[in-house]
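Take a look at the structure below.
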Amino acid sequence: MGSTTSVAGQRQHAHHFKNGREEFEACKQGMWIFLVTEVLFFSGLFLAYAILRVFYPEMVAAAHHELDWKMGGLNTVVLLISSWTMARAVSAAQRGQAQKVVSFLLATFICAGIFMCVKYMEYSHKIHEGLLPGSLFSFKDLLSVDKVGLFFSVYFVMTGIHGLHVLIGMGLILWIMKRASRNEFGPNYFTPVEMLGLYWHFVDLVWIYLFPLLYLVS
Amino acid sequence: MATSTVQHGDNYINHSQGIMSWLKTLDHKRIGIMYLFSILFFFLVGGIFALLVRLELLAPGMQFMSQDKYNQAFTYHGAIMVFMVIIPLIPAAIGNFVLPMMVGAKDVAFPRWNLASYYVYMTGALVAASTLFMNGVDTGWTFYTPYSIRTNTSAAWVLMGAFIMGFSSILTGLNFIVTVHKLRAPGLSWDRLPLFVWALYATSIIQILATPVLAITLFLLILERTLGIGIFDPKLGGDPVLFQHFFWFYSHPAVYIMVLPAMGVISEVIPVFSRKPIFGYKAIAAATFGIALVSFIVWGHHMFVSGQSAFANYVFSLLTMFVAIPTGVKVFSWLGTLYKGSLRFDAPMLYVYGFLIVFTIGGLTGMFLATVSLDVHLTDTYFVVAHFHYVMVGGTLLGFMAGLHYWFPKFTGKMYKESTATWAALIINIGFNVTFFPQFILGALGMPRRYADYLPQFETLNRLSTVGSWFILLGFLVVAYNLWSALKSGVKAGNNPWGALTLEWQTPSPPPHENFTNDPVVTEGPYEYVGEKALMGVNGAV
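Protein chains in written order, with the working numbering: chain A, 208 to 425; chain B, -4 to 537.
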């Protein structure tokens, strides 16, 4: 957020701010407000999930066995590690250690990549088996369970939108890595890294809720 | 509040040249003007659909449309007017231009996101409008399931358009909140903020909290149509009433996204044209937030006949009554400001007088509909149609017209012809009441909404209503002519033709590129119309 004008490596704050501090504060507030909208966006899905649990508790209990908790658990660990590397990247940016920023962002990116690979394996397995949303559901062992497709609707929509956020985050990480390698960040200007960090922790946090709700219900 | 008004000819219009300098601008004033023209274009489109609907209802039986076309016409009228016109109208067009100036800033906090919001809006609007050339859409603007899942029309594209436009609304709200927090001029404490800024701030909070819920709802409905995920589809075990809950959780607060900015305009215009400090500044600001708060806990009053529990009906009915309290605080504060003021009858103020009468009728009939026993009788009748047009058109649109005439000299540096503007205001106000008042009676008599035909006993009132719609058209044509000719050949307006005290009037018209020639410093509240300042502008110029 905010425009960049690099003059010989020295970044000036955008023209309508009094100083860099004011700009940083504005960006941070804007980012938090954006995260509020994200929470509300996901809240609709969590509500739909809650209603599903209340309407069809046996169906949810039966259907969740088709999710592999080991894969979900692995992804949880991977994302937790990525949150740590992201936090290190932010603190390195605040100290102006460009090389460290790049390394930690790269580690974060790799974790995100592992997450997406595991997700891909889970998805392709389910699509292959016919464990699909709503009307498309065709997995024969569970066809006798009433409304079972709904569980996979919620599963695919929630993890799909979350996965989309991970992908967007990976794109942003690459962009910030490139800027860090050009030595753009330091004690006076690290706003983009900090904002990326906030976004990334949010994406992790959503998964921390999704994992038990979808994989560990009983 | 004095700032230098040195004229050196540079303003936001001539600051840079060429169409690209507009399309790529980061200047909030230009973005506001781009929004204004785009929204007014869609207002014309939505208005044409309204006129077609009224024309079809001129007489019983079918006149010139098929019943399917009629369903599409009222759907487009509603969807265009709600999502493309009234929601962005005041915040994105007038607010974008005026809010940063009112707080003494050079721009909004995030100018690039501001420009992005405009393109997001245009993308969404064009996606939705493209269905006009496909199979249309006939669900009504509320997209109720399960019909919206089953219809063969291009509903998914309209849903996608509304989904996209939601992000533009969020971006505008986010920008305004941060701008108000971080970019206020020195001395502009919270208790000196103009009430229009307070109104936009509260509106932004609603946009931030409610719009994402609409986004996920529309997204799920799109998946419902394309993949059959079943969350809202009873056939697959989903719950269609859940859709209504989701939809109204956004769309009731959205009513206040539409009307709070208009109330903000009213709060600006009244003190200027009464030459008096506003009555109850803090009460109006607090009431704005009261309305925003209550807006989130009343959505169930749209669903009294949906099959939700009787207990929920009682609770939502009671909570809805609370809306009347902050709204009443505002109306009485405005009346208190008018009382013993040196009232003037310039065009902006004529719309305000119209607003006060019409909006009060709209608000009070809202209390009728909040009463469960009465609402069961009135649900889905023309009474509801009349009620929300009294609030949306009588409230938001008249508020917008007041604002447009009030800030037009600031936007353009030109002054429109007062006598023409007066006539237009009268025609619009009268036309509005002739169109919509009969609909209260029709609804009470039991005429259902959204039907292409009606029983012969409703003919007289329907005829009256249709004739009224022609007067509204005439009024807007006169406004368009008046403002257009002012733009082409109007007299110079001067920097502060109304003698107003808020910051945007303390700088040249049209304003320079960065709004102020010197950074403004604020030393008192925005409505201190006492002593000499109470007399300023009385003779038309400073």
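Ideal Cβ positions, reconstructed from N, Cα and C, are used throughout, including at glycine.
Keep in mind it's a predicted model, so treat the numbers as computed, not measured.
Item	Value
Euclidean distance between Cα positions of G27(B) and V410(A)	34 angstroms
Residue from F69(B), D514(B), S337(B) with nearest C-alpha to Y524(B)	S337(B)
Under 9 angstroms from the C-beta of K354(A): neighbouring residues of chain B	G225, L231, G232, G233
Under the three-state DSSP convention, the category V413(A) falls into	helix
Beta-carbon proximity of A257(B) to G390(B), cut-off 9 angstroms	yes
N- and C-terminal bounds of the alpha helix (DSSP H) containing G27(B)	23 to 51
Whole-number beta carbon distance between L417(A) and H372(A), since they are thought to touch under 8 angstroms	Contact doesn't hold; Cβ gap of about 11 angstroms is too wide.
Range covered by the alpha helix (DSSP H) that runs through D370(B)	367 to 373
Proximity test, Cβ basis, 9 angstroms: V267(A) and chain B	no
Chain-order list of residues whose beta-carbon lies under 6 angstroms from that of W407(A) (same chain, five-residue window excluded)	M293, G376
Residue(s) in a DSSP beta bridge with V486(B)	M410(B)
Under the three-state DSSP convention, the category P443(B) falls into	strand
Beta-ladder partner(s) of Y396(A), from DSSP	G393(A)
Straight-line Cα distance separating M96(B) from P80(B)	Inspection of the sequence shows that residue 80(B) is occupied by Val rather than by Pro. Roughly 23 angstroms separates the two Cα atoms.
CB contact check: H372(B) to chain A, cutoff 9 angstroms	no
Close-in-space but distant-in-sequence residues of the same chain around H297(B) (CB under 8 angstroms, 5 per side omitted)	Q239, W243, S246, H247
Proximal residues to A257(A) (C-beta, below 7 angstroms), its chain only, five neighbours per side dropped	none
Spatial distance of R445(B) from V324(B) (CA atoms)	35 angstroms
T376(B), DSSP secondary structure in three states	strand
Beta-carbon proximity check, F466(B) vs M344(B), cutoff 9 angstroms	no
Secondary structure of G233(B), DSSP reduced to three states	coil
Inter-residue spacing [alpha-carbon to alpha-carbon] between K347(A) and G295(B)	40 angstroms
Proximity below 9 angstroms, CB of R49(B) to CB of T461(B)	yes
C-alpha distance - W493(B) paired with A397(B), whole-angstrom precision	13 angstroms
Residue range of the alpha helix (DSSP H) that includes G251(A)	227 to 262
Extent of the continuous alpha helix (DSSP H) run through L337(B)	This sequence places Ser at residue 337(B); Leu is not what is there. No alpha helix (DSSP H) contains S337(B), which DSSP labels as neither H nor E.
Rounded straight-line distance, which links the Cα of A123(B) to that of Y362(A)	29 angstroms
Residue range of the alpha helix (DSSP H) that includes Y524(B)	No alpha helix (DSSP H) holds Y524(B); DSSP gives it neither H nor E.
Exposure label - S289(A); buried when at least 16 CB within 10 Å	buried
Rounded Cβ spacing between L195(B) and G90(B) (contact assumed at less than 8 angstroms)	5 angstroms
Contact between the segment 329 to 348 of chain A and the segment 219 to 233 of chain B (3+ Cβ pairs under 8 angstroms)	yes
Proximal residues to N457(B) (C-beta, below 6 angstroms), its chain only, five neighbours per side dropped	L52
Stretch-stretch touch, CB-based, cutoff 8 angstroms, three pairs: the segment 503 to 513 of chain B with the segment 7 to 17 of chain B	yes
Nonlocal neighbours in the same chain, by C-beta distance under 7 angstroms from A419(B), ignoring five residues either side	G470, V473, V474, N477
Residue environment, I334(A), which counts as buried when at least 16 other CB atoms sit within 10 Å	exposed
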